[in-house]
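In mature numbering (1 follows the signal peptide of the UniProt record, and there is no 0), the protein residues as written are -17 to -1, 1 to 202.
Every residue, glycine too, gets a C-beta built ideally from N, C-alpha and C.
Have a look at the structure below, then the notes.
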Amino acid sequence: MACWYCLCVGFFRITFSLFIQAYKLNCPSLPQWKVRGYGLCNITLQYTCLLNTNENEYNEHCGFGLNVAEPGYKFVISGRLDSRRCGPDRFQPFSLLSNISSRCVTHKSQCNGEGQVVYSNGTTTNDRACRCNYINNFVFIKKPKAGCNCEPTQEDCSCYHRVCPVDHFLTPDYQCVHFSNWTGVFQCPEIQNEKIPKNGAPDRNICLAKSVPGIYKRI
Ligand SMILES: *[C@@H]1O[C@H](CO)[C@@H](O)[C@H](O)[C@H]1NC(C)=O
Ligand SMILES: *[C@@H]1O[C@H](CO)[C@@H](O)[C@H](O)[C@H]1NC(C)=O
Ligand SMILES: *[C@@H]1O[C@H](CO)[C@@H](O)[C@H](O)[C@H]1NC(C)=O
Ligand SMILES: *[C@@H]1O[C@H](CO)[C@@H](O)[C@H](O)[C@H]1NC(C)=O
C-alpha cells in the first residue's frame, strides 16, 4: 500500500515536472515574439528569451536592455547576460540584437541532397560547403565557383549520376579517366572515408568495371 502511494506520487511528480520543462524549453515562435514582448515588457526591444546555462532552460527577461552580440555569437544567461559561440548546426553571419532571437539565426545547410556530401562543416559565421560524391559517380550539374566545393546558399549544388565509359572511373576532379591513366594526383581533395590506393585505380572500381556500366547502383 505504502509502495503504491510512493509510486503514484513519483509518477505525478515526474509527469508534472516534464510538463513544466516542456513549457520552459520553448521561447515564443517568431509571430508570437513581439506580442509576448509587449505583454511582458511593454517595450519589445527590452524583451529577451534566453537559455539559462546554469539551469539549462529558457528564461524571459525585461531588464537587460538592448545588447549586440558579435557575428558568430548568441546571447545566453550565465548568472548575467553573456554570449556563447554558435553550436555546430547554426551560424550567425551578422551582429545579433538581444531582443531578436535566443539562437544563432541561420540553420546550416545539410548537404544531404542526392549524391551530396559535406565538404566542410563551415564556421560559426559560415555555412557548410557541399560537394558531390565522386566515389558513387556523382558530379556537379553546374561547376561551382570554387571548383571543388559549393556554397548551397550562393549557388546550385545539385549533383547528377554520371556514367563513365567502360574501364573509366570518376576522379576527385569529376573527370572520367581510363584506369591506366589514374595518376592519384588531383586538384580536389579525395574523400577520406575510403582507403584508395595512391597508384592505380581504386580496387572497388576495378571490380565494378567488370560489370556493365550504368546498371550498378550507388553503394
Ligand atoms: C507602457 O509604457 C508606457 C510609456 O512608458 C506607459 O505609459 C504605460 O503605462 C505602460 N504600460 C504598462 C502596461 O506598463
Ligand atoms: C529589436 O530592437 C530593434 C532595435 O531597436 C527593433 O528595430 C526591432 O523591431 C526589435 N525587435 C523586436 C522583435 O522587438
Ligand atoms: C562534419 O561534422 C560531422 C559531425 O561532427 C563529422 O562527422 C564530419 O566528419 C565533419 N565533416 C567534415 C568534412 O569536417
Ligand atoms: C591516357 O592519357 C593520354 C594523355 O592524356 C591519352 O593520350 C590516352 O588516350 C589516355 N589513355 C586512355 C586509355 O584513355
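Q: Within 10 angstroms of the Cβ of residue 166, are there 16 or more other Cβ atoms? Answer buried if so, exposed if not.
A: Exposed is the call here.
Q | Own chain partners of residue 21 with C-beta closer than 7 Å, once the 5 adjacent residues on each side are dropped | A | Take residue 21, set aside five residues on each side of it, and the residues of its chain with a beta-carbon closer than 7 Å to its own are 27, in chain order.
Q: Please report the Cβ distance between residue 68 and residue 107, rounded to the nearest whole angstrom; I am assuming they are in contact, meaning their Cβ atoms lie under 8 Å.
A: About 5 Å; that satisfies the 8 Å criterion.
Q. Measuring CA to CA, which of 76, 158 and 89 is closest to residue 121?
A. It is 158 whose Cα lies nearest to the Cα of residue 121.
Q | Burial state of residue 13 (16 or more Cβ within 10 Å) | A | Residue environment: residue 13 is assigned as exposed (fewer than 16 neighbouring CB atoms within 10 Å of its CB, all protein chains considered).
Q) Can the beta-carbon of residue 58 be found less than 8 Å from the beta-carbon of residue 78? A) Going by C-beta atoms, residue 58 is not nearer than 8 Å to residue 78.
**Q.** Rounded separation between residue 148 and residue 160 - CA only
**A.** Using only the alpha carbons, I get a separation of about 9 Å.
Q. Does ligand 3 have even one heavy atom less than 7 Å from the beta-carbon of residue 104?
A. Yes.
Q. Listed in chain order, which residues are found with a beta carbon closer than 7 Å to a heavy atom of ligand 2?
A. Checking every Cβ against the heavy atoms of ligand 2 under 7 Å gives 16, 17, 20, 27, 28, 30, 49, 80, 82 and 83.
Q.
Can you tell me which residues form a DSSP beta bridge with residue 35?
A. 40 and 60.
Q. From residue 96 to residue 24, what distance separates their C-alpha atoms?
A. A direct Cα-to-Cα measurement between residue 96 and residue 24 gives close to 43 Å.
Q: Return yes when at least one heavy atom of ligand 3 lies under 7 Å from the C-beta of residue 127, else no.
A: Answer for residue 127: no, Cβ out of range of ligand 3.
Q. By how many angstroms is the C-alpha of residue 111 removed from the C-alpha of residue 76?
A. Near 13 Å, if we compare the C-alpha coordinates of residue 111 and residue 76.
**Q.** Heavy atoms of ligand 4 versus C-beta positions, residues under 7 Å
**A.** Those residues, listed in chain order, are 161, 163 and 164.
**Q.** Buried versus exposed call for residue 5 [16 or more other C-beta atoms within 10 Å across all chains shown]
**A.** For residue 5, the pLDDT reaches just 38, beneath the cut-off of 50, and the residue's location in the model is therefore unreliable, leaving the point undetermined.
Q) Is it buried or exposed for residue 48, if we count other Cβ within 10 angstroms and need 16 for buried? A) By the neighbour-count definition (other C-beta atoms within 10 Å, threshold 16), residue 48 is an exposed residue.
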